[in-house]
Each structure stands twice: as C-alpha cells, then as structure tokens.
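Here our numbering is used: the first residue of the sequence shown is 2, the next is one more, and so on.
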Amino acid sequence: MTAHDYYKLRDEQEKYFSMMKGIMGADRQRNWSELGKEGRLLILFVSQVIGCYMAYIRKTKLSKEFHSLQSILDEMRPIRYIEHPNTKPTLTPFVGDQVKICDAFGFDIPDGCAPEYVVRKTNKGKRGRPRKNKLVVKEDNL
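What follows is the structure, given as structure tokens:
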C-alpha cells in the first residue's frame, strides 16, 4: 500500500516538474553532482512560487493594464542600477506603469526614485492663440 500511495502521486509530480521547466526555461538540467541538481530544483521551486504569486497579482490587480507576466517584466526592465567610480550608486526613476506595479505588489519605491514631476491640469481653457471676438452689428430700422 505504501508503494501504491507514492506511485499514485507520480503523475501530479511529473506535471508539476514539467510546468516548472516550461515556465522557467529550465528544459535541460546540466548538473555534475547530486548536490547541484538539488540546488537547481530548489531554485526552480522558489521561482515557481514567485511566478505563481506574480500571476495572482496580475490577475487580481493588474489585469486591465497588462495582458501577461511578460508584459509586466518588460515594463520593469528599463530600471537600472548605475555605478560609477567615486560616486554614489543610483537607481533610475520609476515612472508611469512602474509605479502602478510597485503599488500592486506592495513594494516601496526607493528614496530618490519616485517620479520627479507631477502633471498639473489647468482650467485656463484651450491652448494657443485666443479667438477674436465677433463683432455684433445692431441694425436700427428707422
């Protein structure tokens, strides 16, 4: 019975590992030791958990703005950590949808990386040259 209990879970385990390999792009396991294989499987498992969490957040909070997880990653890709000799390292500012993504995941934007400008709407009217006033001529019928 013990062997049967372990064997009946085999299909679920195989589906799980094939899903891990497909989503995370780990089709081939290039390992030279059993410890290396265990380490890679641990990394795949952790990345699968993070991927599932990202899919949940995208589905519940970001489904209108982003149609896939790849589009979320593409939006966050331009963020850079810049290091130059003899200067303090900096991060590029978070703008547009990057701020929405951070809010959805509950991340705090690092100091100095918040958007620097705020769009202010004015109610002054239309842009450009003002229209000429029309002349109203009153005709007297005498």
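For each residue, glycine too, the CB sits at the ideal point set by N, CA and C.
Item checked: Cβ-based burial, residue 73 [other Cβ within 10 Å; buried from 16] -> Indexing the sequence shown from 1 puts residue 73 at position 72. Residue 73 comes out buried.
Notebook entry, point to check: Using the rule of at least 16 other Cβ atoms within 10 Å of the residue's Cβ for burial, across every protein chain shown, is residue 99 buried or exposed?
Noted result: What you label residue 99 is simply residue 98 of the sequence shown in a count that begins at 1. Looking at its Cβ environment, which holds 16 or more other Cβ atoms inside 10 Å, residue 99 is buried.
Notebook entry, point to check: Where do the ends of the alpha helix (DSSP H) carrying residue 40 lie?
Noted result: The residue labelled residue 40 in the question sits at position 39 within the sequence shown. Residue 40 -> alpha helix (DSSP H) spans 35-61.
Item checked: Nearest neighbour of residue 114, chosen from 70, 61, 95 [CA to CA] -> In the sequence shown, residue 114 corresponds to position 113, counting from 1. Ranking the options by Cα distance to residue 114, first place goes to 95.
Check: Do residue 111 and residue 93 come within 8 Å of each other at the CB atom, strictly closer than that value?
Finding: What you label residue 93 is simply residue 92 of the sequence shown in a count that begins at 1. What you label residue 111 is simply residue 110 of the sequence shown in a count that begins at 1. For residue 93 and residue 111, no; Cβs fall outside 8 Å.
Checklist line | CA-to-CA distance, residue 45 to residue 57, given in whole angstroms | finding: Within the sequence shown, numbered from 1, the residue matching residue 57 stands at position 56. Within the sequence shown, numbered from 1, the residue matching residue 45 stands at position 44. One C-alpha to the other measures close to 18 Å.
Item checked: Which listed residue (19, 97, 102, 6) has its alpha carbon closest to that of residue 146 -> Not covered by the structure: residue 146. The range shown for the chain is 2 to 143.
Check: From residue 71 to residue 15, what distance separates their C-alpha atoms?
Finding: Here residue 71 corresponds to residue number 70 of the sequence shown, with the count starting at 1. Here residue 15 corresponds to residue number 14 of the sequence shown, with the count starting at 1. Each residue's alpha carbon lies about 25 Å from the other.
Note to self: Please report the distance separating the alpha-carbon of residue 68 from that of residue 138.
What the structure shows: Looking up residue 68 in the sequence shown gives position 67. Looking up residue 138 in the sequence shown gives position 137. Using only the alpha carbons, I get a separation of about 60 Å.
Check: Closest by CA to residue 65, which one among 132, 4, 3, 105?
Finding: Against the sequence shown, residue 65 aligns to sequence position 64. For residue 65, the nearest C-alpha among the options comes from 105.
Checklist line | Residues that DSSP places opposite residue 83 in a beta bridge | finding: As a working note, residue 83 is residue 82 in the sequence shown. Residue 83 is bridged to 91.
Checklist line | Straight-line Cα distance separating residue 97 from residue 88 | finding: What you label residue 88 is simply residue 87 of the sequence shown in a count that begins at 1. What you label residue 97 is simply residue 96 of the sequence shown in a count that begins at 1. So the alpha carbons of these two residues sit roughly 27 Å apart.
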